[in-house]
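Chains as they are written, first to last, in UniProt numbering: chain E, 1 to 273; chain Y, 1 to 216.
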């Protein structure tokens, strides 16, 4: 067909065909458009999809990194802590060792003789006991010079300290200390026994116990039976100052009637002393 | 250390036994459990003891309520009896004092025997080596004659340590028959007297010289 529509008489039919063609064209293009749109949409979709994938990957990566960081952070802080615990551990061990050494030094008291270093020498502590009862402690402060001398002490005046010192202090300090220890322990034992006699048997003592400061001479009057009338007078002498048992015992009956018991008691005391 | 003791380990546990009634009367009761180990020369000891402390308004009393001692080595038989006594009496200080002197005497005995062994190697014989209780003296020229010195170290009831030396004689029958003056019979007693006069070392030297003189 030639350009039938070039000369356009006012004919509607041409417009009709064109319109129809246009319509058909439109129809044609619409699916194309649609497919184009679809394609575009699809392209966009896939692009978005890829983007989503990428973003997801990035998110996971970042997450992993954060986790790693966190883990590393914890580890390093833990390392810092454990480093400190190691240090603390060592410190604790040293402290414990120091405590145990201090305790051991204190424990020497239980041997009866223990010493503490002083600026000029040593201060010796002598502990006393009798039959499991721990009694007083005494000290002797020695100055280590030639000759050795006693700076001060807490030994009672009636203990023969000078005599023992004259004998052993310069030649054999250990012997001096042990000898002093012996005398002090014996005195403490005698004193303890006298004290107990006074307190525990007060009901049996007619008159209070008489004793000297060294507690090696005791004199007392007692009765055997609380209700009884017969009383005895006892005199105990401890000649050996290193012993806690008497060397001499005298018991006399105080009364008018001769009591066979008195002799028996005298016998017993004499044989056991 | 001061006393010859070396404490290697010590621990203590405290238990408060104060009841409410006691607290009202301001009485305090505490039980201490101590564990101590150490040595004194070649002897080692392990002690476990309990101390009960009662504090009232007037005074403080401390009493050893239990004492258990383990010693090593156990060859010193003289020591085991002493240790049991100390445990019975709960006398901690007597134990240490006694131990100190006992070990000192043991060391002195060992040194003395060794000295004579070194000086007269052919004549002196120590049956158990260095820790011998006995020392035998033999004559090299007159076999069959032997003088044995028995040196015991005693610890008495109070924990005092002292040496006890005795002489035993081993003489052939023939010689005994010839001994009209009964010298052999009176030898142990004479030795004791000699000890008192000359002291341990000189007395032993004297005896050795006796048999030694026989060689010439």
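C-beta: ideal position from N, C-alpha, C; glycine also. Fair warning: this is a prediction, and the values are worked out from it, not measured in the lab.
Distance between beta carbons of residue 116 (chain Y) and residue 208 (chain Y), contact taken as under 8 Å: Here residue 208 (chain Y) corresponds to residue number 208 of the second chain, with the count starting at 1. Here residue 116 (chain Y) corresponds to residue number 116 of the second chain, with the count starting at 1. With 8 Å as the limit, residue 208 (chain Y) and residue 116 (chain Y) qualify as a contact, their Cβ atoms being about 7 Å apart.
Can you give me the Cβ contacts of residue 169 (chain E) inside the same chain, cut-off strictly under 6 Å, excluding the 5 residues immediately before and after it? Working through the first chain from its first residue, we reach residue 169 (chain E) at position 169. Excluding sequence neighbours, residue 169 (chain E) sits near 148, 176.
Could you pull out every residue in the same chain whose Cβ sits closer than 8 Å to the Cβ of residue 142 (chain E), ignoring the five residues on either side in sequence? For the purposes of this step, residue 142 (chain E) is identified with residue 142 of the first chain, where counting begins at 1. 121, 122, 123, 124, 148, 149, 150, 151, 173, listed in sequence order.
Against chain Y, which members of the stretch 99-114 of chain E pass a CB distance test of less than 8 Å? Interface annotation for the stretch 99-114 of chain E against chain Y: 100, 103, 104, 106, 107, 108, 110, 111, 112, 113, 114, criterion Cβ-Cβ distance under 8 Å.
Starting from residue 12 (chain Y) and walking both ways along the beta strand (DSSP E), at which residues does that stretch end? In the second chain, residue 12 (chain Y) corresponds to position 12, counting from 1. Counted as a single uninterrupted DSSP element, the beta strand (DSSP E) harbouring residue 12 (chain Y) occupies residues 6-16.
Can you pull out the residues from the stretch 127-147 of chain E whose beta carbon lies closer than 7 Å to at least one beta carbon of chain Y? Listed by position along the chain: 127, 129, 131, 132, 133, 134.
Listed from N- to C-terminal order along the chain, which residues in the stretch 176-202 of chain E have their beta-carbon within a distance smaller than 8 Å of any beta-carbon of chain Y? The stretch 176-202 of chain E vs chain Y, Cβ under 8 Å: 177, 178, 181, 182, 185.
Return helix, strand or coil for residue 123 (chain E), following the three-state DSSP convention. Position 123 of the first chain, counting from 1, holds the residue named residue 123 (chain E). In this structure, residue 123 (chain E) counts as strand in the three-state DSSP scheme.
Which residues in chain E sit within 7 Å of residue 10 (chain Y), going by Cβ to Cβ distance? The residue you call residue 10 (chain Y) lines up with position 10 of the second chain. Those are 103, 104, 107, listed as they occur along chain E.
So with Cβ pairs under 8 Å, would you call residue 219 (chain Y) a contact of chain E? Past the edges of chain Y, shown from 1 to 216, lies residue 219 (chain Y), and the structure says nothing about it.
Beta-carbon separation of residue 237 (chain E) and residue 222 (chain E) under 8 Å? Residue mapping note: residue 237 (chain E) aligns to position 237 of the first chain, counting from 1. Residue mapping note: residue 222 (chain E) aligns to position 222 of the first chain, counting from 1. Cβ atoms of residue 237 (chain E) and residue 222 (chain E): not closer than 8 Å.
Using 8 Å as the cut-off, can you tell me whether the stretch 99-115 of chain E makes contact with the stretch 73-85 of chain Y, which would need three or more C-beta pairs spanning the two stretches below that distance? At 8 Å Cβ cutoff, the stretches do not touch.
Helix, strand or coil at residue 203 (chain Y) according to DSSP, with G and I counted as helix: To locate residue 203 (chain Y), count along the second chain from 1; it is residue 203. Here residue 203 (chain Y) sits in helix by DSSP.
Tell me, which residues are paired with residue 69 (chain E) by DSSP? Stepping through the first chain from its first residue, residue 69 (chain E) is reached at position 69. DSSP output for residue 69 (chain E) lists no bridge partner at all.
Using Cβ-Cβ distances below 7 Å, what residues of the stretch 235-258 of chain E are close to chain Y? Against chain Y - using a Cβ distance shorter than 7 Å - the residues of the stretch 235-258 of chain E are 243.
Taking residue 62 (chain Y) as the query, report the chain E residues whose CB atoms sit under 7 Å from its CB, ordered along the chain. The count along the second chain starts at 1 and reaches residue 62 (chain Y) at position 62. Correct list: 134.
Per the contact definition of three or more C-beta pairs closer than 8 Å, is the stretch 22-34 of chain Y in contact with the stretch 48-57 of chain Y? Yes, they touch.
Local Cβ density within 10 Å of residue 246 (chain E), reported as buried at 16 or more and exposed below that: Within the first chain, the letter at position 246 stands for residue 246 (chain E). Buried, because 16 or more other Cβ atoms sit within 10 Å of the Cβ of residue 246 (chain E).
Among Y:127, Y:168, Y:132, Y:157, the one whose alpha carbon lies nearest that of residue 147 (chain Y): Within the second chain, residue 147 (chain Y) is the residue found at index 147, counting from 1. The residue with the shortest Cα to Cα distance from residue 147 (chain Y) is Y:168.
Only counting runs of 3 or more residues, tell me where the beta strand (DSSP E) segments fall wholly within the stretch 85-167 of chain E, in order along the chain. Unbroken beta strand (DSSP E) stretches of 3 residues or longer found wholly inside the stretch 85-167 of chain E: 113-117, 121-130, 133-143, 149-153, given in chain order.
Enumerate in chain order the residues of its own chain whose CB-to-CB distance from residue 219 (chain E) is below 6 Å, with the five nearest sequence positions on each side excluded. Residue numbering aside, residue 219 (chain E) sits at position 219 when the first chain is read from its first letter. Around residue 219 (chain E): 210, 235.
Hey, could you find the ends of the beta strand (DSSP E) residue 149 (chain Y) is sitting in? Here residue 149 (chain Y) refers to the residue found at position 149 when the second chain is read from its first residue. DSSP places residue 149 (chain Y) inside the beta strand (DSSP E), whose first and last residues are 146-155.
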